[in-house]
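Encoded as structure tokens, the structure appears first; notes follow it.
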Amino acid sequence: MLGRATTHALVGLEPRRVEVEAHIAEGQPSFTIVGLADRACQEAKERVRSGIKSAELAWPGTRVVVNLAPAGLRKEGSAFDLSIALAILAASGQLEPATLRGHAVVGELALDGRLRPVGGVLAVAEGAKRAGLERILCPAESSPEAALAGVDTIPLRHLAEAVSYLRGGSRPPPYVPRVGQCDPRPPPDLADVRGQERARRALELAAAGRHNLLLAGPPGTGKTMLARRLPGILPPLQDAEALEVTRIHSVAGVLNGAASLVCTAPFRAPHHSASAAAVVGGGPGPRPGEASLAHRGVLLLDEFPEFQRPVLEALRQPLEDGTISLARANGRALFPARFQLVATMNLCPCGGRADAQAECSCSPQQLARFRAKLSQALLDRFDLVVTMPRPRSHELAGAPGEGSSEVRRRVVAARSRLECRRPSRSDDADALLDRAVDRLPLSGRGRARVARVAATVAALAGAEEVGSEHVAEALSYRSPRELA
Amino acid sequence: MSDLALAAFAADTDAHLVDAPRTERYARFRRGFDQRAYLEDLWERGLRFVGRSATEFPPLLRAIHDPPPGLFLRGTGAVESLSATAVAVVGARACSTYGAQVARSLARELAAAGVIVVSGMARGVDGEAHRGALEAGGLTVAVLGCGVDRDYPAAHASLAREIAERGVVVSEYAPGTEPAPWRFPARNRIIAGLARAVVVVEARERSGALITADLALEEGRDVFAVPGEITASLSAGTNGLLRLGAHVLTAARDVLDVLGIEPRPRPRTPLPEGAARRVLDALTAGPATADELVGTIGLSAAELAPALTQLELAGLIAEGDGLYRTVMPGG
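Sequence lines, in order, name chains A and B.
For the first sequence, numbering that gives the first Met the number 0 gives the first residue as 0, with consecutive numbering after it.
For the second sequence, numbering that gives the first Met the number 0 gives the first residue as 0, with consecutive numbering after it.
As structure tokens, this is what we get:
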């Protein structure tokens with residue numbers, strides 16, 4: 000007897016159709032899974048056997064072989080449990096094999112037969128839709144996510160529920176998330192930052208124009224505090240963006256509880272000990288890294304020069320073209336990574352530089368080594384560079400700064416202006432740019448960057464045209480000579 | 000031309016030699032030394048040698064009590080330029096942004112007045128002095144404590160190339176000589192020897208720049224020091240020099256007056272109007288960060304930024320590590 004179920008395995012973010020075939024034959028009782036299944040997938044044997052028994056169904060007491068086809072594709076993880084169980088039930092005659100037709104199946108089984116949510120359900124559901132499957136059987140918690148792909152979802156809580164539905168029973172009730180389960184804390188507010196007017200302005204420009212921002216200065220001046228307030232002034236994601244982000248987060252398994260769609264710009268801040276694989280993605284799978292998780296959002300690299308050099312250099316590709324392409328022996332995975340980079344750094348190893356209250360004790364050699372960590376190519380990727388000096392006490396005692404909501408309003412307006420029509424440059428502005436290239440250490444790429452920032456300045460000001468004053472402001476955020 | 004043989008012998012034995020030693024070893028070396036082949040080899044590498052006894056050897060340097068046997072030269076500058084009026088600008092390697100900016104604008108002014116700027120191509124003040132002179136389109140001379148074919152420090156390789164394009168890089172040590180700590184004080188006597196005056200921009204209490212100043216005093220050259228904050232350890236050396244009676248340097252004119260050189264009249268740039276004028280006035284009172292300017296002038300950060308760029312492009316202010324200050328008054 001043969002039973003069949005359809006599911007999808009993920010290669011990177013790409014769903015590949017997998018047929019789960021179960022064959023029951025005469026012979027010694029045994030259970031084998033073939034088809035390049037990894038460890039977690041092999042362990043499905045125990046979960047499936049216990050799950051079927053817990054659902055008060057019969058485990059066939061003979062030889063059971065499960066094949067995951069195509070047999071050449073690596074299968075990872077526990078998302079195949081439900082499809083294996085249903086294929087076996089169909090093969091053993093406990094389900095009519097025809098009922099599984101037109102269904103995609105995904106989910107992990109618990110030993111008591113309950114279903115547990117898995118990562119990547121959105122990508123699997125999209126694969127099902129593309130393959131022309133109308134319905135998807137998935138764990139109840141994952142059903143809102145699967146529904147985003149536009150397929151009919153059957154939310155399941157238990158294996159027995161799946162069997163009763165397939166035997167012609169009624170549809171299981173829709174999933175209702177528990178109240179208060181998805182209450183993400185609001186991002187910190189800009190009103191907490193006192194003083195640092197120039198850095199605040201740069202942050203606003205960065206938000207409006209999606210510019211990469213480098214904050215440099217002595218420790219304790221609020222670089223990280225300010226950087227963490229960037230998500231709070233970013234506009235919400237557009238629908239298409241939200242779907243992209245949700246797909247990546249789902250595959251990485253970082254989707255937050257019942258919140259189905261990620262609507263706010265993601266914010267990722269890996270520690271500086273992170274490996275290149277953790278930041279740009281990797282593993283045999285391969286899995287998306289922090290850079291991809293920050294897609295359409297912010298990647299904060301705190302203490303930028305402390306990151307390993309390979310990590311920083313690996314970021315140059317995504318900073319340029321917005322994707323990460325990981326080549327593996329059996330194919331290639333493409334992860335989107337169009338993030339906005341925000342980095343913070345001290346000006347010297349001891350941190351005393353540019354601090355009126357401390358004296359820098361670094362030797363010239365130490366300083367040179369510290370700066371050599373940041374290649375010119377990397378510094379060139381920052382559109383805005385701000386040195387944050389230590390604020391004076393009266394600045395700290397001053398009134399709280401402007402709150403995030405007002406700033407966000409301006410940012411949203413500027414973004415929509417930039418999206419409608421990029422403002423053209425006046426002759427004055429062009430002349431100033433040319434003069435700056437002559438007088439300042441500014442490369443051709445630097446010029447293009449200044450021009451982009453100037454367009455953002457103009458958009459924030461609501462100007463029709465980029466004037467010389469906008470270029471002048473943009474020029475003041477260029478990378479200073481001392482950092483290079 | 001026994002100078003070249005002596006210099007080559009010093010390089011061979013890794014010694015510092017001012018006069019020919021009366022040893023058998025040196026006599027043997029001289030007998031076997033093929034001067035012509037050596038010069039040809041130098042020539043092929045684009046290098047030159049000026050012996051102490053040559054007429055074009057700078058007379059000021061010959062006048063010091065231990066002049067080098069000769070100088071190896073790299074670069075296109077004329078040998079005679081070594082004898083022109085020169086001022087040495089030296090200071091700390093780990094200088095502050097204040098020191099860097101003063102060194103640069105001072106060298107710029109001096110070079111614009113036709114003075115040759117001499118320094119040691121080290122990090123910090125030295126490098127800034129060379130850059131300032133190059134910016135003004137002037138000539139500059141770098142004196143190394145290693146062979147002229149060595150780019151030391153490596154970070155200044157491109158600077159060395161720029162200097163060599165118009166000026167010269169010189170050393171008393173034969174090409175191929177490695178930098179060694181004991182060679183730098185010896186190098187300083189050449190810096191002092193080439194210059195009519197030495198300006199110390201920033202120096203800690205025990206600094207190589209003070210050695211240069213001492214050597215200059217011994218040879219009767221003028222010594223200038225740039226005053227600094229009395230609380231900053233980076234200014235302890237220069238303030239100490241002032242206490243001992245060095246000339247105070249507050250503008251390039253101070254040096255030029257002593258040397259009897261008329262500064263080139265600068266085209267007076269019209270002072271800016273509006274916000275930029277207010278910013279310039281505020282900075283004349285003392286250096287400030289952008290946020291402090293926002294506080295004192297009452298402009299928003301967005302209004303302040305264009306004014307800062309305008310002043311920077313006009314060469315009236317400079318920024319370093321987030322601190323803006325007015326550029327040293329010229330002429």
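Ideal placement from N, C-alpha and C gives every residue a C-beta, glycine not left out.
Taking just the CA atoms, how far does residue j sit from residue i?
i      : j      : result
A/R477 : B/A10  : 46 Å
A/R370 : A/P348 : 9 Å
A/A130 : A/G288 : 28 Å
A/F498 : A/H22  : Here chain A covers residues 0 to 483 and nothing more, so residue 498 of chain A does not appear.
B/L209 : A/D301 : 41 Å
B/V198 : A/G402 : 51 Å
B/D33  : B/A7   : 11 Å
B/D283 : B/L298 : It should be pointed out that residue 283 of chain B corresponds to Thr in this sequence rather than to Asp. Approximately 17 Å, taken between the alpha carbons.
B/V167 : A/H393 : 52 Å
B/N187 : B/G119 : 8 Å
A/Y164 : A/A206 : 49 Å
A/T304 : A/E358 : Position check: residue 304 of chain A holds Pro in this sequence, whereas Thr was assumed. Whole-angstrom Cα-Cα distance: 21 Å.
Residue i and residue j: beta carbons closer than 8 Å?
i      : j      : result
B/D290 : A/G194 : yes
A/V465 : A/P399 : no
B/A111 : B/A135 : yes
A/A86  : A/G167 : no
B/V140 : B/V169 : yes
B/A83  : B/A106 : no
A/P317 : A/V279 : yes
A/V342 : A/L204 : With the sequence shown as reference, residue 342 of chain A is identified as Ala, and Val is not the correct amino acid for it. Not closer than 8 Å, so no.
A/V123 : A/P285 : no
A/V261 : A/L236 : yes
A/G126 : A/V117 : no
B/A102 : B/A128 : yes
B/P286 : B/R242 : no
Once DSSP output is grouped into helix, strand and coil, what is the label at residue i?
i      : result
A/P14  : strand
A/E107 : strand
A/V278 : helix
A/E22  : The residue you asked about is not Glu; residue 22 of chain A is His in the sequence shown. A/H22: strand per DSSP, three-state reduction.
B/R242 : helix
A/M487 : Any property of residue 487 of chain A remains undetermined from this structure, which presents chain A solely from 0 to 483.
B/G330 : With a pLDDT of 43 at B/G330, under the threshold of 50, the predicted position of this residue should be treated as unreliable, though the coordinate-derived value follows. Correct three-state label for B/G330: coil.
A/A36  : strand
A/I135 : strand
B/Y323 : strand
A/Q195 : coil
A/H248 : helix
A/R113 : strand
B/A224 : strand
A/F303 : helix
A/Q27  : coil
A/A207 : helix
B/T22  : coil
B/I229 : coil
A/L314 : coil
A/D437 : helix
B/T237 : helix
A/R156 : coil
A/D427 : helix
A/V253 : coil
Looking only at DSSP bridge pairs, what is residue i linked to?
i      : result
A/P399 : In DSSP, A/P399 forms no bridge with anything.
B/V88  : B/V198
A/S324 : A/L333
A/M344 : A/A215
B/V140 : B/V117, B/V167
A/A4   : A/V19
A/Q339 : A/V297
A/R286 : A/G281
Following a CB-centred definition, is residue i positioned closer than 7 Å to any heavy atom of the ligand ATP?
i    : result
B/A4 : What this structure holds is no ligand at all, so the ligand ATP is not there to describe.
Enumerate, from N- to C-terminal direction, the unbroken alpha helix (DSSP H) stretches of 4 or more residues contained entirely within the region 64-110 of chain A.
Taking only runs of at least 4 residues, the alpha helix (DSSP H) segments lying wholly in the region 64-110 of chain A are 80-90.
Ordered list of alpha helix (DSSP H) runs contained in the region 250-325 of chain B, each at least 4 residues:
Runs of the alpha helix (DSSP H) inside the region 250-325 of chain B: 251-258, 273-283, 289-296, 300-312.
What ranges does the beta strand (DSSP E) occupy inside the region 45-124 of chain B, keeping only unbroken runs of at least 3 residues that lie completely in it?
Taken in chain order, the complete beta strand (DSSP E) segments of 3 or more residues contained in the region 45-124 of chain B are 46-50, 69-73, 85-89, 115-118.
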